[in-house]
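Quick notes on the structure that follows.
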Amino acid sequence: MVGIAVAIGLVLGWSAIRFKVEGNPLAEKIDAILPQTQCGQCGFPGCRPYAEAIAKGEADINQCPPGGEEGVKKLADLLGIEPKSLDETHGTPKPKSVAFIDEQLCIGCTLCIQACPVDAISGAAKQMHTIIASECTGCELCLPPCPVDCISMVPIAEDLPHWKWKHPVIMMKQVSAGAGA
Amino acid sequence: MSRELFKFKGGVHPPEHKAESNGQPIHPPPLPRKLVIPLRQHIGNPAKPVVSVGDHVKKGQMIAEADGYISTAVHASSSGIVTAIDMQPVPHISGLPDLCITLETDGRDEWIPHDPLDYQAMAPADLRMRLRDMGLAGLGGAVFPSAVKLDPGAAQTFPTLIINGGECEPWITCDDVLMRHHADETLQGVAIMRHLLGSTEILIGIEDNKPEAIAAMQAAAAKVDFAVEVVMVPARYPGGGAKQMIQTLTGKQVPSGKLSNDIGIQVFNVGTTYALARAVHHGEPLISRLVTVTGHVLRPQNVEVLIGTPMHTLITLAGERDGTTGVLMGGPMMGVPMPNLDVPVVKATNCILVKSAELFPPLPKALPCIRCTRCADACPAELQPQELYRFAKAADFGRAQEYHLFDCIECGCCSYVCPSHIPLVDFYRYAKGEIWAREKEKRAADLARERHEFRLFRQEREKKEKAEKLAAKAQAKRAELAAAPAAEGAAASAADAKKALIAAALARAQAKKAEVTPKNVDHLPPDTQHEIEEIEARRAKIRELARKPLEPEDKP
């Protein structure tokens, strides 16, 4: 009996070292749900730090406005806890937008380039800057540093390639109460 | 020619309504004053404009080129002047505009020089590129670029080629009429396909409600020098669907999530085959197609229509009637309602079906699903529509995908048989759209994560590199200094060395400053020089003032 216990103990000890999982797998899973806008509205410098804070139990699941109620629900499902409503102190969900630089006003100060968390602004000192729209997450972090307020957020308009079928609204026929609901 | 036929599951028998339009001759193309030609008529990337506003273009001239492999070109349907390249309403259920090229026609309908292609002498890849530049796309409804489908790829050959003349959807007769009137040319197209695909078995499937078309095709098939089998298949909706036609003719089923290519079968619509023959034997790009104009009109018929012709032109041609309640592009089962009638005919337009209250009475209000599973019996894709409906309605898209939502061909059989009149297909379209949108969002999030992580890595790397560079510089300086004062005496402490370093740097900076003299004040005329001196004096005075502490009398 002792022999078996020792043998199993050895195997377990060995496999703990051999099959050690790198990083925090829970934080990884949480990070996969977060919208990756890297906007910092949650109070953490990016989605990954927020995910790690949730995994450690240091942050609540309702601090991500871009993720919206749906994101909170997914996190609650993952963590096996009750979903709650979004914490409005961290902001409210907004329509998906991309930043737009008014190129007439831009003075080429590079402050927005330094602020962009996903390197979605191209330009150089004293050269005009422009947003790479396909890479912009709409985090709004470039707005405050701009000294000439030449950046605005443009909501993404619905066009043909982005159009999708809406949830059908069907008129249900009212059945008399006697027939049962 | 009796061939063993197979039966696909489900299907329905809606009233055919083919006789209204299939007896008339083909009406030649009307030439409207204005043609609006959308650049996104096919699956894949939209075409890129190659003309500018004000250009004069000839009939058949390329006005937008293919952008990428899965794309195809767009051509001027008649001669005239490009008056606009902008967003215009297009035949889409959303009513949203899309990029179009507008032509003001000059009425001369003047062709660009065009010659037949010697396809047998051309390399297959060159021929395919030519077909892509001629705008060929599947005319059966999906509008997939034909050049891509004509590429056998790594398999080298498609053993079975099926030409689909099923045309199972009620009211539509454009394929029927095409086969009756252009059987020989359609077979010429088949010969080109056979050449490109290396097919050994060629089947033309036609539903048995088109005896004239079958006879015409059989007569034409007897004249060609390769084996073609014209097969009469029982009429049952959606027997003209590609997957259903394959199963009826060969007994093979296309596996879930795969294409017919994966089982060595390629399917083309008869209209595509005819367009291919026109392109190769006459050098004509795809600038017109047959369109059935039927339903609540005075003279239902098939019209050869220039791409870009407004739909109202065709309805006027067929005789508009009072009491129109709407227009569908396509048939009653799969057609989409048009937001307005200014939208142009595109390559996908096979039918313009004008509705009236008598022909298409409004559906009664929907009742809750009673799970009778009549939809499951009717579903030709062998799905469980009632379950898909439940999941789609509850936005449980994961479960919907587990129930093979993407195998749904949106044929509408389930909605047709539903005793509760639930618009089931709308729910599946909604669910598919949501799933696609989510996948797109997921890809965007993954990209953002990657870019953010790279940025962090880059910042860290830059910091490290800078620190290393500074350390190396300081090290070099220290070594230099250590060598220099060694002569003066080793007594110099480290602090002295540092002081000396700073002094040296200061001296360098001063020297640099002294070196740089402003260039624009050299050789000035005396009066300007004087002015500058005055300004300098003022500046010195201000500096003096600023240096002085504030006078106590400044404060009240």
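Protein chains in written order, with this note's numbering: chain G, 46 to 226; chain V, 10 to 565.
Note that beta-carbon positions come from the ideal geometry of N, C-alpha and C, so glycine has one too.
Against chain G: residues of the stretch 77 to 108 of chain V by CB proximity under 7 Å: For the stretch 77 to 108 of chain V, the set of residues with a beta-carbon nearer than 7 Å to any beta-carbon of chain G comprises H101, S103, L105, D107, in chain order.
Determine the contact status of V306(V) and V354(V), defining contact as a CB-CB distance below 8 Å. no
Please report the straight-line C-alpha distance between E238(V) and P373(V), rounded to a whole angstrom. 45 Å
Span of the beta strand (DSSP E), counted from its first residue to its last, around D95(V): 89 to 98
Suppose you measure from the CA of P394(V) to the CA of A409(V); what does that come to, to the nearest Å? 10 Å
Neighbour-count burial assignment, M96(V), 16 or more Cβ in a 10 Å radius: exposed
Alpha helix (DSSP H) runs contained entirely in the stretch 222 to 296 of chain V, provided each spans 4 or more residues: 251 to 259, 279 to 291
Spell out whether any CB of chain V is found under 8 Å from the CB atom of K209(G). yes
Hey, how far is the Cα of Q129(V) from the Cα of I274(V)? 22 Å
Using 8 Å as the threshold, is the C-beta distance between R141(V) and A200(V) below it? no
Give me the subset of the stretch 36 to 65 of chain V whose CB atoms are less than 8 Å from a CB atom of chain G, sorted by chain position. Flagged, chain order: R49.
Let me know the secondary structure DSSP gives P111(G) once reduced to three states. coil
Tell me, please, whether the CB atom of H174(G) is closer than 8 Å to any CB atom in chain V? With 8 Å as the cut-off, H174(G) does not count as an interface residue toward chain V.
Between A75(V) and chain G, is there a C-beta pair that is closer than 8 Å? No - not a single Cβ of chain G is within 8 Å of the one on A75(V).
Grouping DSSP H, G and I as helix and E and B as strand, with all else coil, what is K119(G)? In this structure, K119(G) counts as helix in the three-state DSSP scheme.
Please list, in chain order, the chain V residues whose beta carbon lies closer than 9 Å to that of E203(G). S103, L105
Output yes if chain V places a C-beta closer than 8 Å to the C-beta of K193(G); else output no. The residue asked about is misnamed: residue 193(G) is Val in this sequence, not Lys. No, because no Cβ of chain V sits closer than 8 Å to the Cβ of V193(G).
Consult DSSP for A536(V) and reduce its assignment to one of helix, strand or coil. Looking at the sequence provided, one finds Asp at residue 536(V) rather than Ala. Residue state for D536(V) is assigned as helix, using DSSP reduced to three classes.
Considering only residues of the same chain and omitting the five flanking positions on each side of A121(G), which have a CB-CB separation below 8 Å? I106, E127, P128, K129
What are the boundary residues of the beta strand (DSSP E) that includes Q310(V)? 310 to 315
Can you tell me which of R42(V), L40(V), E543(V), K57(V) puts its alpha carbon nearest to the alpha carbon of L48(V)? K57(V)
Three-state secondary structure (DSSP) at Q42(V)? Residue identity check: residue 42(V) is Arg in the sequence provided, not Gln. Reduced to three states, the DSSP call for R42(V) is coil.
First through last residue of the beta strand (DSSP E) which encompasses A144(G): DSSP places A144(G) inside the beta strand (DSSP E), whose first and last residues are 142 to 146.
Report yes or no: do three or more beta-carbon pairs, one from the stretch 211 to 221 of chain V and one from the stretch 447 to 462 of chain V, lie closer than 8 Å? Judged by Cβ distances under 8 Å, the stretch 211 to 221 of chain V makes no contact with the stretch 447 to 462 of chain V, as fewer than three pairs qualify.
Applying the 10 Å Cβ sphere with the 16-neighbour rule, what's the burial state of S155(V)? Answer is buried; the Cβ neighbour count reaches 16.
Does DSSP put I172(V) in a helix, in a strand, or in coil? strand
With a threshold of 16 other CB atoms inside 10 Å of the CB of P206(G), please say whether the residue is buried or exposed. exposed
How would you label T209(V), buried or exposed, when you count the other beta carbons within 10 angstroms and need 16 or more for buried? exposed
Restricting to Cα atoms, I'd like to know which of P122(V), V60(V), D115(V) is closest to C109(V). V60(V)
Is it the case that the CB of N31(V) approaches a heavy atom of the ligand MN more closely than 7 Å? The model on display carries no ligand, and the ligand MN is accordingly not part of it.
If the cut is a Cβ gap below 7 Å, which residues of chain G does T436(V) touch? The amino acid at residue 436(V) is misidentified as Thr; the sequence shows Phe. Neighbours of F436(V) on chain G, chain order: P213.
Please go through the same chain and pick out, in chain order, the residues whose beta-carbon is closer than 7 Å to the beta-carbon of G260(V), but skip the five residues on each side of it. Cβ neighbours of G260(V) within its own chain (closer than 7 Å, five residues either side excluded): F15.
Pairs of beta-carbons, one from the stretch 223 to 231 of chain V and one from the stretch 34 to 44 of chain V, closer than 8 Å: are there three or more? Not touching, per the Cβ criterion.
Helix, strand or coil: which one does DSSP assign to I157(G)? Note that residue 157(G) is Cys in the sequence shown, not Ile. C157(G) falls in the helix class under three-state DSSP.
Within this structure, are the beta carbons of W180(V) and G292(V) separated by less than 8 Å? Contact flag unset, no.
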